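K.L.:
Numbering (this note's numbering), first residue to last: 1 to 689.
This structure is in structure tokens; I'll ask about it shortly.
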């Protein structure tokens with residue numbers, strides 16, 4: 001029996017080319033996620049069985065547009081491809097190419113071919129290319145490029161076996177680099193290849209150019225070698241920017257010629273012209289921003305309007321289940337734990353699933369239609385006024401889902417100052433974890449009356465909270481830009497995709513995935529805290545009991561362990577209008593913001609055993625003096641506090657990891673907590689006087 005051989009395969013390509021889908025199709029469940037050595041960039045690796053006798057390791061490299069690295073993601077890809085990463089040595093490169101954006105994708109692909117390593121092209125997005133009227137002569141293009149091209153559709157598992165067979169063939173046959181380069185770069189710097197090869201043996205003139213462009217940060221060279229190479233490059237007046245510009249022009253000229261012979265487009269300008277006509281209005285400085293506000297207004301109206309029916313249905317089901325269990329089960333520790341602890345916690349999760357699904361469904365529609373790129377473009381001018389640019393918009397927009405992936409998305413920002421500011425202000429954007437909190441508090445203080453019989457004041461209030469978070473992020477970003485001294489300048493370039501009809505199956509998948517993440521990831525935390533909180537809320541210390549039972553005895557909520565903790569912190573939060581129960585919710589919310597709802601559900605289930613919804617219980621909650629706990633002033637103060645305070649340990653951890661500094665994570669935590677306290681104090685003071 002032959003032993004299995006393990007080779008390393010690198011998956012590379014432009015961002016959003018279908019690389020992740022291919023990685024999942026090739027590796028299935030045999031995946032590992034870590035970090036590349038010395039950096040925070042995520043490293044995804046997996047095992048794939050190409051045949052009975054050949055298993056390979058697949059390394060999914062970060063998306064990149066060019067072999068001239070700028071961002072941390074692109075630097076990692078460069079290091080692996082040029083053997084500067086000792087943790088992995090690549091045997092075959094699988095270049096994932098988006099057929100619907102062929103020209104841009106082939107620029108990077110042609111650079112890969114010229115470094116003289118084995119390349120197999122996986123051609124994706126052929127269905128979208130077909131919709132655009134693009135037909136590709138795959139065999140003819142394969143001959144022109146000098147490497148195999150395999151059409152695939154990873155989502156439908158089409159072409160995967162053919163791709164595996166092509167990778168196996170490339171590995172089994174000794175690779176002979178093509179003699180001719182895709183373009184002749186020797187005349188751009190005739191002496192460069194010989195100079196570079198004194199320090200590191202390179203396979204081609206292209207490899208020498210890229211080596212010379214990035215030598216300062218390569219670990220292959222010693223400090224002394226870098227100084228010597230710097231002098232020799234100066235002697236031939238090597239200019240990286242000029243060579244990169246000249247190379248790009250030549251490559252695009254060759255690609256254009258190749259596409260004329262092997263790519264047929266039916267009315268190629270028709271959709272582009274239509275998109276340009278639409279952009280005359282949607283990217284207009286005035287009308288474009290008005291349209292954006294209308295889109296956001298409709299989005300948050302739908303979050304309330306469409307979600308209210310399934311939310312009421314879910315609430316009524318849980319109320320019925322609670323009533324049935326209380327009538328059928330005996331009054332026992334287990335039954336009280338099940339009803340007031342576990343069931344109340346689950347209700348606090350499931351009831352908000354409709355809003356989560358609708359919000360992410362609309363965001364997915366905007367992305368799939370091509371409009372999300374226009375939002376980045378419209379926001380660039382505003383971003384520059386606060387020391388950022390349009391590249392910060394996409395991480396900030398994704399922060400409306402969760403700050404953790406948004407902070408990780410900031411890796412693509414080349415400018416160090418803009419990257420740091422984006423990381424620091426991302427948690428101020430209202431994430432989906434705040435949505436349950438907003439829903440409860442807005443429902444307490446904003447009436448359900450409708451405007452024109454369609455729109456609700458609650459939807460307008462929700463939009464206002466998201467707008468408030470965005471404005472706070474800009475204000476804090478402007479202040480940080482003054483204190484963070486980095487002189488690097490940045491340029492914002494973006495290719496506008498043509499408008500297209502959204503893929504409804506993608507929208508549905510996004511809605512299901514996001515709701516699943518909310519239920520299972522946040523849900524686990526909420527349920528655990530709900531059960532622990534029920535125990536702390538139901539039991540406490542009683543002096544009159546004997547020594548053996550006095551430390552764990554059933555008691556009233558106010559005298560329970562949770563009540564004792566709440567009373568201890570109440571003096572500090574009383575100026576904000578908060579009582580000790582809200583104080584407990586603030587503490588538990590540090591695990592995750594949405595835990596606030598589960599905490600209140602558990603606390604009021606322990607104190608009030610009537611079969612009423614949480615909203616009804618909060619509306620009827622009274623202080624000792626008979627006044628409402630959730631007055632307009634208190635609800636507004638609490639709403640502002642949750643909008644600003646960074647009550648998420650996961651965000652704290654990811655900021656620490658991405659900035660490689662505990663100082664920035666602590667600064668962010670203290671700064672936002674202080675701002676939240678100050679703003680809430682003034683809101684409560686003004687509205688209660």
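We treat Cβ as the ideally placed atom computed from N, Cα and C, and that holds for glycine.
Quantities reported herein were computed from a predicted structural model and do not represent experimental measurements.
Are the region 590–602 and the region 431–447 touching, with three or more C-beta to C-beta distances below 8 Å?
P.N.:
yes
K.L.:
Would you kindly work out how many angstroms separate the C-alpha atoms of residue 645 and residue 365, rounded to a whole number?
P.N.:
30 Å
K.L.:
Who are the Cβ neighbours of residue 510 in its own chain at under 6 Å, not counting the five residues just before and after it?
P.N.:
360 and 364
K.L.:
Does the distance from the CB of residue 358 to the CB of residue 396 come in under 9 Å?
P.N.:
no
K.L.:
Report the start-end ranges of each beta strand (DSSP E) in the region 242–271 that is 3 residues or longer and not cut off at the edges.
P.N.:
263–265
K.L.:
Given 8 Å as the limit, is there contact between the region 154–173 and the region 187–206, that is, 3 or more CB pairs closer than that?
P.N.:
no
K.L.:
The beta strand (DSSP E) with residue 58 in it runs from where to where?
P.N.:
54–60
K.L.:
Which residues bound the beta strand (DSSP E) around residue 693?
P.N.:
With the chain covering only 1 through 689, there is no way to say anything about residue 693.
K.L.:
Measuring CA to CA, which of 6, 667 and 431 is closest to residue 51?
P.N.:
Of 6, 667 and 431, the residue nearest in Cα terms is 6.
K.L.:
Inspect the CB distances between the region 107–120 and the region 140–158 and report whether three or more fall short of 8 Å.
P.N.:
yes
K.L.:
Three or more C-beta pairs closer than 8 Å, one from the region 477–484 and one from the region 98–114: is that the case here?
P.N.:
no
K.L.:
Going by C-alpha distance, which of 165, 538, 399 and 638 is nearest residue 561?
P.N.:
538
K.L.:
What do you reckon, are the CB atoms on residue 442 and residue 465 nearer than 9 Å?
P.N.:
yes
K.L.:
In chain order, what residues of the same chain have a beta carbon less than 8 Å from the beta carbon of residue 444, not counting five sequence neighbours either side?
P.N.:
615, 618, 619, 630 and 635
K.L.:
By a C-beta neighbour count over all protein chains shown, 10 Å radius and 16 as the cutoff for buried, is residue 670 buried or exposed?
P.N.:
exposed
K.L.:
State the beta-bridge partners of residue 7 as determined by DSSP.
P.N.:
56
K.L.:
Can you round the beta-carbon distance between residue 204 and residue 68 to whole angstroms, since I take them to be within the 8 Å contact cut?
P.N.:
So it is not a contact: roughly 16 Å between Cβ atoms.
K.L.:
How many angstroms separate the CA atom of residue 532 from the CA atom of residue 582?
P.N.:
17 Å
K.L.:
So what does DSSP say about residue 95, is it helix, strand or coil?
P.N.:
Strand at residue 95.
K.L.:
Tell me whether the region 95–102 and the region 123–138 touch, counting them as touching only if at least three CB pairs, one residue from each stretch, are closer than 8 Å.
P.N.:
yes
K.L.:
Hey, quick one: how far does the beta strand (DSSP E) through residue 151 stretch, first residue to last?
P.N.:
149–151
K.L.:
For the beta strand (DSSP E) that residue 135 lies in, which residues bound it at each end?
P.N.:
134–136
K.L.:
With residue 499 as the anchor, note down where its alpha helix (DSSP H) starts and where it stops.
P.N.:
No alpha helix (DSSP H) holds residue 499; DSSP gives it neither H nor E.
K.L.:
Using the C-alpha atoms, what's the distance from residue 476 back to residue 648?
P.N.:
19 Å
K.L.:
On the DSSP bridge list, what partners appear for residue 376?
P.N.:
Answer is none; residue 376 lacks a bridge partner.
K.L.:
With three or more C-beta pairs closer than 8 Å as the rule, is the region 170–182 touching the region 209–225?
P.N.:
no
K.L.:
When the Cα atoms are used, what is the spatial distance from residue 578 to residue 570?
P.N.:
So the alpha carbons of these two residues sit roughly 7 Å apart.
K.L.:
Rounded to a whole number of angstroms, what is the C-alpha to C-alpha distance between residue 19 and residue 372?
P.N.:
21 Å
K.L.:
In three-state DSSP terms, what is residue 622?
P.N.:
strand
K.L.:
Is it right to say residue 169 is buried, meaning 16 or more other beta carbons lie within 10 angstroms of its own, or is it exposed?
P.N.:
Around the beta carbon of residue 169, fewer than 16 other beta carbons sit within 10 angstroms, so the residue counts as exposed.
K.L.:
Which of the three DSSP states is assigned to residue 597 in this structure?
P.N.:
helix
K.L.:
Quick one: what's got a C-beta closer than 6 Å to residue 540's C-beta in the same chain, skipping five residues either side?
P.N.:
Excluding residues within five positions, the ones whose Cβ falls inside 6 Å are 555, 559, 560 and 561.
K.L.:
Between residue 90 and residue 176, is the Cβ-Cβ spacing less than 9 Å?
P.N.:
no
K.L.:
Going by DSSP in three states, residue 277 sits in which element: helix, strand or coil?
P.N.:
helix
K.L.:
Does the Cβ of residue 316 have 16 or more other Cβ atoms within 10 Å, making it buried, or fewer, making it exposed?
P.N.:
exposed
K.L.:
Where does residue 67 sit, in a helix, a strand or coil, going by DSSP?
P.N.:
Here residue 67 sits in coil by DSSP.
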